[in-house]
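Protein chains in written order, with the working numbering: chain A, 2 to 230; chain B, 2 to 196.
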Amino acid sequence: MTEPHGPDDGTRRPPDAGPVENGGGVLALDQSASSAAYDPTPDKERPEGHAGRFWSARRIPAGITAAVVLGASGLLLYDVAAVRAGHPAMQWRRTLADELATRRLDDVWVLTGASVAAALGLWLLLLALTPGLRDLLPMRREHTDVRAALDRTAAAMVLRDRAVEVSGVQSVRVRMGRGKVGVRAVSHFRELDDVRADLDTVLSTGIRELGLARQPSLSVHVRRPAKKG
Amino acid sequence: MNGVLRTVNRVLLGLAGLVLLCVGGGVLAAAAGLSVPSWWPWYGKNDVLLSEADRDRWRGEGWWWPTVIAVLAVLVVLALWWLLAQFRRSRLSEVLVDSGDGEGALLRGRALEGVLAGEAGALDGVARAQVTLTGKRSTPAARVRLLMEPHAAPDEALGRLSDEALAHARDSAGLARLPAEVRLKAVKHRAARVS
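Dropping the structure here:
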């Protein structure tokens, strides 16, 4: 995604044939959709600090794990102490010891339990090793002391506000991915290619003004509104 | 402070994940009849998870039960501390202001937070700002949440925040630096249609 691309490397896609064109018997010249994907020009090298991801503190999984460990060890501790003090062991502990000693490894419950444990373990490892906070897009660091991130919904909203100001755009949907912006616009007048070219210009400026550390690539689709009836 | 909790959480979560993965994977490998090394705790399909002999192995020893109880008690205390740590928000109550004549003054953290939030909220393009101070009282750090107004440009809003609100707060508290972590969101609004 950060690789610079030449202008003619095949990222330009042909206009896709929408359902309108197939059903309506429109003239061949009357385009119903126009789209293109561009990759951003490579960023200028910034002298100041590297903008890394925000790492989540993982409070919720940690809290749940802590509660489970606390509950299990507390219960076991209580029971072990009670048995030491001369009380009989609780029923669950006798049942559990019994089950553990009689169920063989190819028992379906043992297999299920082992699979669940392994899957849960993998999930916890994944939580521990990945940054999380995928909704926050890191922003360029202009000041060494300020680390900033932009919410993905906010970024999409800013770009949408830019896009609706292009004349000919009736409505627009912006999907903000982590490395890619997908824009789908409906245009009710003007040539689709013109509208798309305008959208490209406006949105490229818009993306630059988001101030993101890694410029997302942009893909714009423009089509006519579906005909009624 | 938050960084410490993040590291602890991630290390402990990773450890728990590793234990679960090893136990589950170990049982599955043995049950699938793979050739497992001799030190593997389970052997073959007909083995059980924990046989009576294994469970009673050290029961006769004098040290067994005290050890079990001690280990469980440590586990309970650690888990309790870990759980409570998740609910604690590390917030700075006061900031040490160096007045330059060898004497320091204490500034209430809330006051600095309030001033910072007020100034950030009044910036062009910012609807609301929330500020929390973290870190140590001689080297505080700020966590800022900005809510942008419609049609504000994020990089400009951030630039103004850094150059004005954060810089003023840093200078007025006489701090050498005030590291800040900023999260920007936008006010939810409908698209303004051009007619």
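Using N, Cα and C, we set each Cβ at its ideal position, and we do this for glycine too. Since the model is a prediction, treat every value here as computed from it, not as a measurement.
The beta carbons of A128 of chain B and L148 of chain B sit closer together than 9 Å.
Put simply, the backbone Cα of V81 of chain A is about 48 Å away from that of V132 of chain B. Interface flag for E192 of chain A against chain B is unset, since no Cβ pair is found closer than 9 Å.
Residue contact check for P62 of chain A against chain B: a CB pair falls below 9 Å. Look at the beta carbons and you see the region 16-30 of chain B touching the region 115-123 of chain A: at least three pairs across the two are nearer than 8 Å. Of A:R179, A:R163 and A:S168, the smallest CA-CA separation from A150 of chain A is found for A:R179.
Within the region 57-79 of chain B, the residues whose Cβ lies closer than 7 Å to any Cβ of chain A are, in chain order, W66, V69, I70, L73, A74, L76 and V77. At a cut-off of 9 Å between beta-carbon atoms, P180 of chain B makes contact with chain A.
L138 of chain A has A:L151 as its beta-bridge partners, per DSSP.
About 6 Å separates the Cβ atoms of A34 of chain A and H222 of chain A, confirming a contact at the 8 Å cut-off. The Cβ neighbour count for W93 of chain A, taken over all protein chains shown within 10 Å, is under 16; the residue is labelled exposed.
Counted as a single uninterrupted DSSP element, the beta strand (DSSP E) harbouring R174 of chain A occupies residues V170 to M177. Collapsing the DSSP output to three states places V188 of chain B in coil. If you check the CB distance, A73 of chain A and N10 of chain B do not come in under 9 Å. Put simply, of A:L213, A:R95, A:L77 and A:V170 the residue whose alpha carbon is nearest the alpha carbon of L193 of chain A is A:V170. Think of a sphere of 7 Å around the beta carbon of D199 of chain A: no beta carbon from chain B falls inside it, the nearest being about 12 Å out. The Cβ atoms of V145 of chain B and R184 of chain B sit closer than 9 Å to each other. Sixteen is the threshold: when 16 or more other Cβ atoms of the shown chains lie within 10 Å of the Cβ of P180 of chain B, as they do, the residue is buried.
Within 10 angstroms of the beta-carbon of I65 of chain A lie fewer than 16 other beta-carbons, which makes it exposed. Separation of D146 of chain A and E165 of chain B (C-alpha to C-alpha, rounded to the nearest whole angstrom) is 14 Å. Counting along the chain, the unbroken beta strand (DSSP E) around S188 of chain A starts and ends at K181 to S188.
Using a Cβ-Cβ cut-off of 9 Å, P155 of chain B counts as an interface residue toward chain A, since at least one Cβ of chain A sits closer than that to its own. Counting of Cβ neighbours within 10 angstroms places K137 of chain B among the exposed residues, the total staying below 16. Here the alpha carbon of R7 of chain B sits roughly 19 Å from the alpha carbon of G122 of chain A.
Look at the beta carbons and you see the region 89-109 of chain A touching the region 48-59 of chain B: at least three pairs across the two are nearer than 8 Å. DSSP assignment within the region 85-128 of chain A yields the following whole alpha helix (DSSP H) runs of 4 residues or more, N-terminal first: 92-103.
In the assembly as shown, R95 of chain A is an exposed residue. Its beta-carbon has fewer than 16 other beta-carbons within 10 Å. For P226 of chain A, there is no enclosing alpha helix (DSSP H), as DSSP gives it neither H nor E. Using a CB distance below 8 Å, the part of the region 166-191 of chain B facing chain A consists of L167, R178, L179, P180, A181, E182, V183, R184, L185, K186, A187, K189 and H190, ordered along the chain. Only those residues of the region 151-166 of chain A whose C-beta falls short of 8 Å from the nearest C-beta of chain B are listed: L151, D152, T154, A155, A156, M158, V159, R161, D162, V165 and E166.
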